[in-house]
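Okay, structure first, notes after.
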Amino acid sequence: MHKFALLLSIIAVFTIPVILPNAFAHGLGGDQAEPLSFGDMEVTVRTQLSPSDITVGELDSANMQIRFFDTLTDTNLDKVTYRVEVWQSGELLARNLFYDMDGRLDVKIKPQPNCNKNILEECSIYGGSEHVSAPGALFVQGAECTDDNLDICARPSITGPIFVKGGLYKIRVDIEAATSPRTVLANLLSYETFVSVAQEQDFLIKTANAEEIPVIVKTYYDEVDNFKFDTSDNSISFDMPFDWSPSYVDLVQVVHEEVRVPKTFAPYAEGKQFQGFVNGVEIDQRALLNDPYSYDDTNIVHFLITKNELQKINEKLGADNYDNLKMDLKLVPLSEASRSSTEFYLVDTTNYEQVPTTVNISWDGKYGANQEIPFEFTFFNENRELIKDVKYAYFVFDEFDNEIASNVGDDNSSLGIDSTEGIDVQRIFVPSQGQIRVDVKVLGTGLDYDPKYAGIGSALIEIGPGAPVSTTPSVPEKAPIPDWIKNNAEWWAAGQIDDNSFIQGIQYLIKEDVLKIPPTTQGSSSGSNEIPVWIKNNAEWWAAGQIDDNSFIQGIQYLIKEGIMRIQS
């Protein structure tokens, strides 16, 4: 097909309307709250950090922008009085009134560690002058702030224990007055937004050959603990505090963790694929992204666990997980894949001129016709750097121009697929061999769909028959368990045999190789041999056929890991 005709064909496919940034959703370094009715408007607050990716200890100051606007018209409300609170881990770090003329409040945040007060907010110092028309609200006279003049514009400041620790920060904003500093709202408009600040933690892993490999965990949620490396499968695991109650999970947009390992360490070399687990549950491939592009010598594996994925984990593990106060993460390297790829640049839809965006689509060559193929979409800028926070859509056609797949995002209020790190994996079912065409449209970047990298493009991909692909194995692997063992589990769950008898029975079965347990690091006893209730529930459900063998074995592995059960060699 002629290139110009192909472009026209692609443009005809993408009849996506012009969009206003009226969706409430999490973005990289920013968040937008659900809108509230105010007169004939639907108004909301958007919080945005600059730089968007803040790492503790790497900067002296940051900008916190809070915008108050009508989502129906994308218009700011003016003369706004804000009450702003900054929280982390349930502790108040700052609280004050601010006034702004144009509906965009910019506040300079200067992190100040070593607060020696019992109440952290008492260490915060506020810069600015009280506005004459808004008593108690801080204001700085001077040039209005834009994205390009933050170094010189007039903005109030907060110096205090903010962004001195990594994790999730809650920015609560109450709108006390709007359209006029003297017009106080009868009912406050209250919003909560969340932003993440990264913290790097250094670890060493010791290989089976006693080689020490440095590993960095960059956490955007909370400090990690219990870092371990298992030489049997070269897996890395760690945990961190997390509230699994459904009401809290509903508030979490994404949990972001990075594992950085030198490419010289063969199990984590460039081209490797990985499997990820949270609390023993395998996570979707889209939640685990491998970035070999950002550094020449380091591979970055991202855990990007969305709210939907967290909810699925809760559904899988049941109500006993709601009281769990930890998130256990595990990363397992798989065998190297045979990768195929194609690359193309994007053009704008007006003049068909090239934009500074290149798209790479890669896939494992063992997949083919009549299979779900995991296609990896990667977005680069003109400097061959990953474009962060991309929103994009795609359509797939067979060689006869019949549409066989498409995706414009799964959020009705926010158009496009979110690719936070500039890498995304989409499983696309291809029914037959032959040539397929993949049309890609980048809608923009960030919460406001910045059009700098927006454009369209297309790739032609040849799909072969594909080798037989087995279902990706879960960890732990399925083990054959004789049915009569379920009687023991049922009696134990019913209280007819005690804990020690149950453990002794399991120990005997493992020793005699009747019950096969995948390699599990033996933990040391913490002094408490109490078996968690959820394991007994697992045993009861397993005996009744309500959960599978693997779920039951995970409980046994937990007992071994925690030192409650000892396996003698």
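At position 275 of the sequence shown the residue is numbered 675 (the working numbering), and the sequence of numbers has no breaks.
We treat Cβ as the ideally placed atom computed from N, Cα and C, and that holds for glycine.
In this text, all values refer to a predicted model and were calculated from it rather than measured experimentally.
By the three-class DSSP mapping on this structure, what secondary structure does residue i have?
{"i": "residue 895", "result": "coil"}
{"i": "residue 528", "result": "coil"}
{"i": "residue 572", "result": "strand"}
{"i": "residue 552", "result": "coil"}
{"i": "residue 827", "result": "strand"}
{"i": "residue 855", "result": "strand"}
{"i": "residue 754", "result": "strand"}
{"i": "residue 692", "result": "coil"}
{"i": "residue 487", "result": "strand"}
{"i": "residue 417", "result": "Legend: pLDDT at residue 417 = 47, less than 50; position of this residue unreliable, value from coordinates given subsequently. DSSP places residue 417 in coil when its eight states are reduced to three."}
{"i": "residue 764", "result": "strand"}
{"i": "residue 808", "result": "coil"}
{"i": "residue 841", "result": "strand"}
{"i": "residue 519", "result": "coil"}
{"i": "residue 886", "result": "helix"}
{"i": "residue 960", "result": "helix"}
{"i": "residue 445", "result": "strand"}
{"i": "residue 722", "result": "helix"}
{"i": "residue 940", "result": "helix"}
{"i": "residue 536", "result": "strand"}
{"i": "residue 789", "result": "coil"}
{"i": "residue 779", "result": "strand"}
{"i": "residue 901", "result": "helix"}
{"i": "residue 817", "result": "strand"}
{"i": "residue 731", "result": "strand"}
My guess is that residue i and residue j are in contact by the Cβ rule of under 8 Å, so how many angstroms apart are they, rounded?
{"i": "residue 469", "j": "residue 476", "result": "5 Å"}
{"i": "residue 733", "j": "residue 674", "result": "6 Å"}
{"i": "residue 504", "j": "residue 467", "result": "5 Å"}
{"i": "residue 780", "j": "residue 824", "result": "Between residue 824 and residue 780 the Cβ distance is about 13 Å, and since that is not below 8 Å, they are no contact."}
{"i": "residue 691", "j": "residue 705", "result": "The Cβ separation is near 16 Å, so there is no contact."}
{"i": "residue 730", "j": "residue 635", "result": "6 Å"}
{"i": "residue 621", "j": "residue 592", "result": "Not a contact, Cβ separation roughly 17 Å."}
{"i": "residue 444", "j": "residue 458", "result": "Their Cβ separation, rounded to whole angstroms, is 31 Å, which puts residue 444 and residue 458 out of contact at 8 Å."}
{"i": "residue 557", "j": "residue 508", "result": "4 Å"}
{"i": "residue 343", "j": "residue 821", "result": "Since the displayed the chain opens at 401 and closes at 969, residue 343 lies outside it and no answer follows."}
{"i": "residue 720", "j": "residue 532", "result": "The Cβ separation is near 58 Å, so there is no contact."}
{"i": "residue 653", "j": "residue 570", "result": "At roughly 12 Å, the Cβ-Cβ gap does not stay under 8 Å, so residue 653 and residue 570 are not in contact."}
{"i": "residue 798", "j": "residue 804", "result": "5 Å"}
{"i": "residue 791", "j": "residue 834", "result": "With a Cβ gap of about 30 Å, residue 791 and residue 834 do not count as contacting."}
{"i": "residue 728", "j": "residue 659", "result": "Going by Cβ atoms, the distance from residue 728 to residue 659 rounds to 14 Å, so no, they are not a contact pair."}
Please work out which residues of its chain come closer than 8 Å, Cβ to Cβ, to residue i, disregarding the five sequence neighbours upstream and downstream, and give them in chain order.
{"i": "residue 625", "result": "638, 639 and 640"}
{"i": "residue 455", "result": "566, 597, 598, 599, 600 and 618"}
{"i": "residue 808", "result": "416, 793, 815, 816 and 817"}
{"i": "residue 806", "result": "793, 794, 795 and 796"}
{"i": "residue 955", "result": "934, 935, 938 and 939"}
{"i": "residue 753", "result": "747"}
{"i": "residue 725", "result": "641, 642, 643 and 644"}
For residue i, which residues of its own chain have a beta-carbon under 7 Å away from its beta-carbon, when the five flanking residues on both sides are left out?
{"i": "residue 493", "result": "486, 487, 520, 521, 524, 560, 561 and 562"}
{"i": "residue 746", "result": "755, 757, 759, 842, 855, 856 and 857"}
{"i": "residue 866", "result": "766, 767, 768, 769 and 771"}
{"i": "residue 741", "result": "760, 761 and 762"}
{"i": "residue 536", "result": "497 and 530"}
{"i": "residue 668", "result": "661, 699 and 733"}
{"i": "residue 427", "result": "Note that residue 427 scores a pLDDT of 48, beneath 50, so its modelled location is shaky and nothing firm can be said."}
Which residues does DSSP list as the beta-bridge partners of residue i?
{"i": "residue 475", "result": "470"}
{"i": "residue 505", "result": "466"}
{"i": "residue 496", "result": "484"}
{"i": "residue 772", "result": "829"}
{"i": "residue 564", "result": "Note: residue 564 sits in no beta bridge, so no partner."}
{"i": "residue 436", "result": "443"}
{"i": "residue 952", "result": "DSSP output for residue 952 lists no bridge partner at all."}
{"i": "residue 742", "result": "761"}
Near residue i, which residues of its chain fall below 6 Å by C-beta distance, leaving aside the five closest residues on each side in sequence?
{"i": "residue 576", "result": "481 and 483"}
{"i": "residue 553", "result": "543 and 545"}
{"i": "residue 572", "result": "485 and 592"}
{"i": "residue 623", "result": "none"}
{"i": "residue 782", "result": "756"}
{"i": "residue 568", "result": "594, 596 and 621"}
{"i": "residue 965", "result": "903 and 959"}
{"i": "residue 461", "result": "508 and 510"}
Contact criterion: CB-CB distance below 8 Å. Does residue i meet it with respect to chain D?
{"i": "residue 839", "result": "Judged by its chain identifiers, the structure shown contains no chain D, having just a single protein chain."}
Could I get the ranges of all uninterrupted beta strand (DSSP E) runs contained in the segment 667 to 718, with 3 residues as the minimum, in chain order? 674 to 678, 688 to 691 and 698 to 706
What are the start and end residues of each continuous beta strand (DSSP E) run of 3 or more residues lying completely inside the segment 594 to 670, in chain order? 599 to 606, 612 to 619, 625 to 630, 635 to 641 and 654 to 662
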